[in-house]
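Below: the structure, in structure tokens.
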Amino acid sequence: MAEKKRAQFGTKLGVIAATVGSAVGLGNIWRFPYECGTSGGGAFLLIYILFVFLLGVPCICAEFSLGRSSRKGMPGSFRISGAGKGWGFFGWAAIVAAFMIMSFYAVVAGWTLEYIVDSVDGAIKNIPNTERHAQFTQFVSGWGSVIWAWVFLIINGVIMIGGVQKGIERVSNILMPLLFLILVAFCINSLLMPGAETGLEFLFKPDFSKITPDVVLSAMGQAFFSLSLGMGCLVTYASYFSDKTPLVKTSIQVAVLDTLIAVLAGVIIFPAVFSYGMSPAAGPTLVFEVLPNIFHNMPGGSIWSCLFFVLLAVASLTSIISISEIVVAFMTDEYKISRVKATVISTLLVMVLATFCSLSFGPFQKLDLFNRFDFISSNILMPLGGMGVCAFVGWRMTRTRYIKEMRKSAQVPPFLFNLVTFGIRYIAPIGVLIVFIAGLI
Ligand code: TRP
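If you want it as structure tokens, here you go:
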């Protein structure tokens, strides 16, 4: 049987919406503000931006060129590009990481759905702030959280079955502009709060005494996570790019938009936090415990809170879609099963894993799959995968293949080209090695 023609994104806008949709997620709106809050604000932001452009953009280009030149996801892209058996390891690591990330990502995404409902039925507004923590703890430890994770995974599955153009691209084209609108509305509201300046100062005024090795490392890890790097996610998406998509330009656009949205999330959250006299350093519960306190006290709080959690849910949905595409592309490429079958099998498997992750806050506390999956994927498999792709594209893939791919549809100024290549060959693998070793320690 002749091989079926590979799916492609239909339009330029679709490419950007889907790729930015992958990058913008819980990483920007949930993780970035709390990392920034616990790591000293402005100084963290500055280092983060450096990493995004020095390390992130070259890594995105490496993933793009590997994916489009091979027209395969993981681990097939390595094989097709002439990699020996050993490289396949990185491809497999990506698949395992994808399953793990999906499992705990779905749990947090599920919480956003519960919070949307709580906003609509007034629970967020009516629960006294003193009981917020107890209420959150109780919710995440029970079956409610599991069921929401399932609901989220089922919605994801339905979109995945729609395919690359009719599923992923169409949904991204609708949801990404919506997300942007909600963000802008929030920014305006936040900037109008009394005392907004303190929050903005915290975010934008770097205090260099706050820079420690730990801050540098978490900024690098955050750049990886937020740009969807190191798991072959962008390899897979690039395998659906047309030959007309300019890789370097697209990678810069994605990096800029992703950073902009993380900064906007900061602009939304920090003024509110300071304006209501809270601490920016609350950690992972910043969005789920601190923000509801603020909505509780705010005029029109239920509406804002509903909007905020819709924003978070939308961002999570377009991201988890991109993670499941790694797995679905893998199954359809390597085992030639249909897209529907691949989606159903992977969704069921992740539903089981997500159940254990969710119940890590309750009966399965000892097993603690939630934190283990987060740790293994973010601190071990993702850096390893990122290093693998950059090392392969920088040192093993033939020069002609790489250069042809990068310059296919657009002239890249020689200076920029050399900078990106240098980043792929040196900065990224070495940087990642550092994160990796530090992550293990
Ligand atoms: N970047 C997404 C976020 O910020 C998460 C994500 C999607 C991701 N695809 C990925 C992270 C691939 C690592 C690898 O929430």
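Just so it is clear: in the sequence shown, position 268 is 263 by the numbering used here, and no numbers are missing.
By construction, the Cβ of each residue, glycine as well, lies at the ideal position given by its N, Cα and C atoms.
- Message: Helix, strand or coil, according to DSSP, for TYR110 in the structure here?
- Response: Here residue 110 refers to the residue found at position 115 when the sequence shown is read from its first residue. Assigned with DSSP and collapsed to three states, TYR110 falls in helix.
- Task: For the alpha helix (DSSP H) holding GLY380, just list the boundary residues, first then last.
- Result: For this step, residue 380 is matched to residue 385 along the sequence shown. Annotation: the continuous alpha helix (DSSP H) that includes GLY380 extends over 377 to 386.
- What is the residue span of the alpha helix (DSSP H) that GLN133 lies within? Taking the first residue of the sequence shown as 1, we reach residue 133 at position 138. GLN133 -> alpha helix (DSSP H) spans 127 to 136.
- Query: Comparing alpha-carbon positions, which option in PHE303, VAL249, LYS200 and PRO279 lies nearest VAL290?
  - Reply: Taking the sequence shown and counting its residues from 1, the one referred to as residue 290 is at position 295. The sequence shown places Phe at residue 290, rather than the Val named in the question. Ranking PHE303, VAL249, LYS200 and PRO279 by Cα distance to PHE290 puts PHE303 first.
- Message: For a test of the three-state rule: what should DSSP assign to PHE236, helix, strand or coil?
- Response: Locating residue 236 in the sequence shown gives position 241, counting from the first residue. Correct three-state label for PHE236: coil.
- Query: What does a CB cutoff of less than 7 Å around LEU411 pick up in its chain, not counting 5 residues either side in sequence?
  - Reply: On the sequence shown, residue 411 is found 416 positions in, with the first residue counted as 1. If we look at LEU411 and ignore the five residues flanking it on each side, its Cβ neighbours are VAL243.
- Query: Looking only at its own chain, which residues have a Cβ that is under 7 Å from the Cβ of PHE368, when we skip the five neighbours before and after it?
  - Reply: Taking the first residue of the sequence shown as position 1, residue 368 is located at position 373. Excluding five sequence positions before and after PHE368, the CB atoms of its chain that fall closer than 7 Å to its own CB belong to MET95, SER98, PHE99 and CYS352, given in chain order.
- Contact set for ILE441: own chain, Cβ-Cβ below 7 Å, skip 5 residues either direction: Limits of the chain in this structure are -4 at one end and 436 at the other, which puts residue 441 out of reach.
- Task: Tell me whether ILE332 sits in a helix, a strand or coil according to DSSP, three-state version.
- Result: Along the sequence shown, one-based indexing puts residue 332 at 337. Three-state DSSP puts ILE332 in coil, outside helix and strand.
- Hey, is the region 205 to 225 in contact with the region 4 to 13, meaning 3+ C-beta pairs nearer than 8 Å? Contact fails: fewer than three Cβ-Cβ distances are below 8 Å.
- Item | Pairwise C-alpha distance: VAL384 and PRO358 | In the sequence shown, the residue the question calls residue 358 occupies position 363. In the sequence shown, the residue the question calls residue 384 occupies position 389. Distance between PRO358 and VAL384, taken at the CA atoms: about 39 Å.
- Query: With contact counted as at least three CB pairs below 8 Å, one residue from each stretch, are the region 56 to 64 and the region 224 to 234 in contact?
  - Reply: Contact between the region 56 to 64 and the region 224 to 234 is established, with three or more Cβ pairs separated by less than 8 Å.
- What's the C-alpha gap between ILE441 and ASN374? In the structure displayed, the chain extends from -4 to 436; residue 441 sits before or after that span and is not available.
- Query: Can you give, in chain order, each stretch of the alpha helix (DSSP H) that sits fully within the region 143 to 222 and has at least 4 residues?
  - Reply: Fully enclosed alpha helix (DSSP H) runs of 4 or longer: 165 to 186, 191 to 199 and 208 to 221.
- Message: Taking the alpha carbon of VAL102 as the reference point, which residue from GLN248, ILE315, ALA386 and PHE269 has its own alpha carbon closest?
- Response: Position 107 of the sequence shown, counted from the start, is the residue given in the question as residue 102. Of the listed residues, the one whose Cα sits closest to VAL102 is ILE315.
- Message: Below 6 Å, is the gap between the Cβ of ALA18 and the nearest heavy atom of ligand 1?
- Response: One-based indexing of the sequence shown puts residue 18 at position 23. Under cutoff, so the answer is yes.
- Where the alpha helix (DSSP H) containing VAL243 begins and where it ends: Working through the sequence shown from its first residue, we reach residue 243 at position 248. First-last of the alpha helix (DSSP H) with VAL243: 242 to 270.
- Taking ILE90 as the reference, which of ILE256, ILE318 and VAL305 has the closest Cα? Looking up residue 90 in the sequence shown gives position 95. Per the Cα distances, ILE318.
- Message: Looking at chain D, is there any beta carbon in it that lies within less than 7 Å of the beta carbon of PHE4?
- Response: In the structure shown, chain D cannot be found, because there is only a single protein chain.
- When you compare only the Cα positions, how much space is there between ASN23 and CYS31? Here the question's residue 23 lines up with position 28 in the sequence shown. Here the question's residue 31 lines up with position 36 in the sequence shown. About 11 Å.
- If you check the beta carbons only, do ALA277 and VAL285 fall under 7 Å apart? Residue mapping note: residue 277 aligns to position 282 of the sequence shown, counting from 1. Residue mapping note: residue 285 aligns to position 290 of the sequence shown, counting from 1. Using a Cβ distance threshold of 7 Å, ALA277 and VAL285 count as a contacting pair.
- Query: How about the region 40 to 50 and the region 199 to 217: do they share at least three Cβ pairs that are nearer than 8 Å?
  - Reply: Taking one beta carbon from each stretch, the region 40 to 50 and the region 199 to 217 have 3 or more pairs nearer than 8 Å; the two touch.
- Query: Exposed or buried, which one is LEU173 when buried takes at least 16 other CB atoms within 10 Å?
  - Reply: As a working note, residue 173 is residue 178 in the sequence shown. Under this definition LEU173 is an exposed residue.
- Item | Start-to-end residues for the alpha helix (DSSP H) that takes in ASN121 | Position 126 of the sequence shown holds residue 121. Looking at the DSSP string, the run of the alpha helix (DSSP H) that includes ASN121 is 118 to 121.
- Between the CA atoms of ILE247 and ALA(-3) - distance to the nearest angstrom: As a first step, residue -3 must be located in the sequence shown, where it is residue number 2. As a first step, residue 247 must be located in the sequence shown, where it is residue number 252. Residue confidence is low: ALA(-3) scores 44 on pLDDT, short of 50, so the model does not pin down where it sits. No coordinate-derived value is stated.
- Message: Can you look up THR393 in the DSSP assignment and give me helix, strand or coil?
- Response: The residue labelled residue 393 in the question sits at position 398 within the sequence shown. Of the three classes helix, strand and coil, the one that applies to THR393 here is coil, per DSSP.
- Hey, would you say ASP504 sits closer than 7 Å to SER404, going by beta carbons? Given that the chain is displayed from residue -4 to residue 436, the structure contains no residue 504 and the question cannot be resolved.
- Message: Please identify the residue among THR33, TRP82, GLY9 and PRO241 whose C-alpha is closest to the C-alpha of PRO408.
- Response: Mapped onto the sequence shown, residue 408 falls at position 413. Measuring from the Cα of PRO408, the nearest candidate turns out to be PRO241.
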